Structures are given as structure tokens and as C-alpha cells.
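Enquirer: This is the structure I want to talk about, given as C-alpha cells.
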Amino acid sequence: MARSLYILLIYASFLVAGPIAPFVFSLGYVWVDTFTPQNIAYIILPDIPVSFIMGAVAVGGYLFLDRKRPPRTSFIVVLLVALAIWVTISTAFWAVAPAAAWTKWDHAYKLLLFSAFFPYVFRSRVQIESFLQIYLFSLVVQFLPLGLKTIISGGGYGVALGIVNTNTGLSEGATLSAVSLMQIPIILFLRTNGLILPRSRLTDLLYLGLIAGAVAAAVGTYERTALIGMLVVGIGLWLRAKRKGLGLAVGVVAAILVIAVGSDKWSERIATTADYRSESSALGRILVWEWTMGFVAEHPEGGGFNSFLINRIEYPGTPDHPEPVIERRKAFHSIYFEMLGEQGFVGLGILFGLIFGSLAILRRVAKKAKQLEGMGWLTDLAYAVQVSLLTLLACGLFIGIAFQPMLYYMFALSACLGHYIDEASVVHRGTVKAVQPAVAGRQTAAARGWT
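Quick note: the sequence shown uses my numbering, first residue 0, plus one each step.
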């Protein structure tokens, strides 16, 4: 009862603060979409459409209270809307599993449209940082308990790991490990550049503890995806480090601690990566990817959401079991094959457009921010988002999260930063033009002896 009331108060706080600062409504939507309070509270929230209410007030708050200097529509926003239209068409006209397709569409199209909406809302530094903080602490509730459990007693594979007792979404091990690790660059940015929680010994301990919890949670999933994520994060942070020797030493120490925290079962699980042909999980992924390639060769437009429901995978026989084993409805287990199998080459093309477009924007933001005084924080954030996105994309090679929020939130954040640097550049040019005539006037007056 107490937990339910506490969660209800948090939900209500977004609704109360929204009329004063309308972007808070959108922060509430991020919290609802990530934390899913309706699945955790026992009373009231499970009985009301919490997502619909928060989404409606977010859009209404922007339209009626917050339409100040709306940004230009970016390439990322256009692609997100285009993908929302495409998935609707594929669901309506050629889905091979129509009922299941409409179920997934109901979540996916709202995710895409709200991701396209965010760049219009999160425009200032404080708003962007608020988005990062809300998203981070919504995820902390998911990974920190597992991280603490791993440090104390070990983790587990193939079991419900999040705060919701399911094996899907953020409660699924591979997804949880990827999301935990992708937050590390964001946490490091907030530790050194945060305005909402300014740097102090307390916040240092808080953020460093969250990093330790994220790594421990990733190890505690026993997922091989975690190893990939740790490598990408480690390399990305090392390349950014000013003292690379010290960074390398820290990485070695971290690797030793990971091995120490990880149990023998974790080590055995990671060791199966090299022998993928004899390990059923890895082999199943390869076989379903082969099926997907054959499917889209005949259906280049894809099969609509959840098209994997019609697949048939045949595992070859072994000396101990000569007869082939048949498995049906094997999930795609990859962002890229999920998009290809469901939305065809058009959907995959849009996805790659979002990926490369976001990375290009982040590179441009970092480059421009270096040229503007007082924008060092923006350079750091652009690089942090790059590493986070690359970590997620690398892990996504082996997990089916093509329509999960974490991916599209990174795309939306890239568009937000692109708009911010454009506005900052305009202000900077205006300041320079205003200063130059004044300086020239003073110089002329001094030459004539007037000053």
C-alpha cells in the first residue's frame, strides 16, 4: 500500500508541476514509459490509462502553453514520422500475423511519434539535462537492485531480473545489460557537467555508485551481450580520455573486478561465445537470421510486426541426437534482422538513416561546440550520447529491441542537441556582429583623439 501511494504521488507531481513548466509533462511521459508505474503499483494506477493521460497532457501542454520558438523540423524527426507511417501501412496491408502485428503497432507508433515530438519540447540545457536525469533514474530502479544482488550473492541467466516479474522488456537479461551499460557515458557526463545536481562529494559518490551498479547488473545477467557492451563502452571512454595510460590502467582494474564479481557460471556462459555452433542459443540466432534473409528475398516489404511467428527453424542433428530438432516462432534476436523481417528493406533503410543521421549530428555538434565559448559541456554530452548509441547498436546485433524506447530516445536526443547548437551558433554570430561595430567605433574615436 505504501509503495503504491508513493508511486501515485510521483505520478501526480508531474501533473501538478506541468502547468508551471510544460516540458515536465513530457518528462512524466518518459518516466511512465520507462518505469511503467502501472505494472508496479497495486492500487489506482493499474486501473487508469496512465500513459494516455500523461501523453495527452504532454501534447496539450506544448500546444497551448509552450510553443515558443519551435525548432526547425530536423531530418531525424522526418525519418521518425516516416517510419511511423510505414509501420502502419505494413500492419494494415500485408502483416502475416495481423492480430499480433496490431498489438505491437499500438506500442510502436506511439513510441515513434513521441520520439519525434521530444525535440520540440526539450530545447534548453536544463530541459535536456532534466530528460537525461529522469531517464537515468527511471532505469536505475531496474538495474541497481540486480547490481547490488550480483555483488552480494551473484546474478542469474534466463530469469526475470527487473522489478516487473516478466522476462520481457527491461526485465529480459540481454536488454537490461545493454541499457545498464549505455547509461555509463551519460552518468559520467552528469557527474562532471550537471546543473540540476551540481558536483560535490555526495553527487560524486552517487554517480560512481551508479556506474558500479550498472556494471555489476550487466555481469549479473550472465549475458554475452554484456561483454560486447563493456568492450564498446570501455573503448569509447578510453578514446576520449586525456590520459590514456591512466585510462588503460583503470580499464584493467575494472576488468579484474568484473572477473572477481562474476561467478564460475558467468565465466562458463561467456566461454560459450567461441563455440557458437554447438551452443543452442547462439546457433538459434544464426538459423533465424538465415530464415529472415530467405523470407525477405520473397517479401522485400517485410511481413509486418511479429512476422517471426510464422517461422520454422531446424536445428541439425548431433551425434547424441541424430534427428533434427524443429523450433517454431523463434524471435529475431537482433535489431537489424527484426527490422528487416518485419518492415522489409524500407524499414531497414529508415533505421540506418536514423543511425547515421544521429551520429552525423552528434559529430557536428561536438565540432561546433568546441568553437563556441562556454560550450564544453555540449561537446562532452555529444560524445557521451555517441558512445551510448554505439553501445546500444553493438548490443543490438544480438537482441531484438528495434522498437524499444532506449534506441529512439537516443535519436530524439541527437535531434535536440542539433537544434541547441544551431540556436547557440545564431546567438554567437549575432553577438559577434554587435560587438564588431562597437569595437571599430572605439578604435576610430581613439585614432581621432576623441577618447
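C-beta atoms are modelled at their ideal positions from N, C-alpha and C, and glycine is treated no differently.
What you are looking at is a predicted structure, and each value in this text was computed from that prediction instead of being measured.
(1) Let's test the definition: count the other Cβ atoms within 10 Å of the Cβ of ALA213 and tell me whether it reaches 16, buried, or not, exposed.
(2) Under the rule that 16 or more other beta-carbon atoms within 10 Å means buried, what is THR302, buried or exposed?
(3) Go ahead and label LEU388 buried or exposed: buried means 16 or more other beta carbons lie within 10 angstroms of its beta carbon, across all protein chains shown.
(4) Which residue spans inside the stretch 77 to 120 form an unbroken alpha helix (DSSP H) run of at least 4?
(5) In this structure, how does DSSP classify ARG362 when only helix, strand and coil are distinguished?
(6) Kindly list the residues whose CB is nearer than 8 Å to the CB of THR174, restricted to its own chain and excluding five residues on each side of it in sequence; keep chain order.
(7) In whole angstroms, what separates the C-alpha of GLY228 from that of ASP319?
(8) For ILE185, which of helix, strand or coil comes out of DSSP?
(9) Given a threshold of 16 other Cβ atoms within 10 Å of its Cβ, counted over all protein chains shown, does LEU347 qualify as buried or as exposed?
(10) Whose C-beta lies closer than 8 Å to the C-beta of GLY395 among residues of the same chain, with five residues either side of it excluded?
(11) State the Cα-Cα distance for the pair GLY356 and ASP46, rounded to the nearest angstrom.
(12) Rounded to a whole number of angstroms, what is the C-alpha to C-alpha distance between TYR419 and GLU297?
(13) Span of the alpha helix (DSSP H) holding ARG453?
(14) What is the residue span of the alpha helix (DSSP H) that ARG327 lies within?
(15) Our contact map puts ARG200 next to THR191 with C-beta atoms below 8 Å; I'd like the distance itself, whole angstroms only.
(16) For the candidate residues SER306, PHE24, THR291, whose alpha-carbon lies nearest to that of ALA55?
(17) Where does TYR275 sit, in a helix, a strand or coil, going by DSSP?
(18) For a minimum of 3 consecutive residues, which ranges assigned as the beta strand (DSSP E) are wholly contained in the stretch 279 to 303?
(19) Ends of the alpha helix (DSSP H) at TYR134?
(20) Go ahead and label ILE285 buried or exposed: buried means 16 or more other beta carbons lie within 10 angstroms of its beta carbon, across all protein chains shown.
(21) Do LEU64 and PRO118 have their CB atoms nearer than 7 Å?
(22) Measure the CB-CB distance between GLY340 and PHE331 and report whether it falls below 7 Å.
(23) CA-CA distance, TYR275 and ARG223?
(24) In the DSSP assignment, what are the bridge partners of GLU313?
Expert: On the basis of the coordinates in this document:
(1) buried
(2) The residue asked about is misnamed: residue 302 is Gly in this sequence, not Thr. It counts as buried.
(3) buried
(4) 97 to 120
(5) helix
(6) GLY168, ILE398, ILE400, GLN403
(7) 35 Å
(8) helix
(9) buried
(10) ALA177, SER333, ILE334, TYR335, ALA401, LEU406
(11) 40 Å
(12) 44 Å
(13) Any property of residue 453 remains undetermined from this structure, which presents the chain solely from 0 to 450.
(14) Premise fails: ARG327 lies in the beta strand (DSSP E), 324 to 327, not in any alpha helix (DSSP H).
(15) About 14 Å separates the two Cβ atoms, so there is no contact after all.
(16) PHE24
(17) Annotation note: pLDDT 48 at TYR275 (below 50); position unreliable, coordinate value reported separately. Three-state DSSP puts TYR275 in a helix.
(18) none
(19) 124 to 152
(20) exposed
(21) no
(22) yes
(23) Its pLDDT being 48, under 50, TYR275 is placed unreliably by the model, and nothing is read from it.
(24) ILE325
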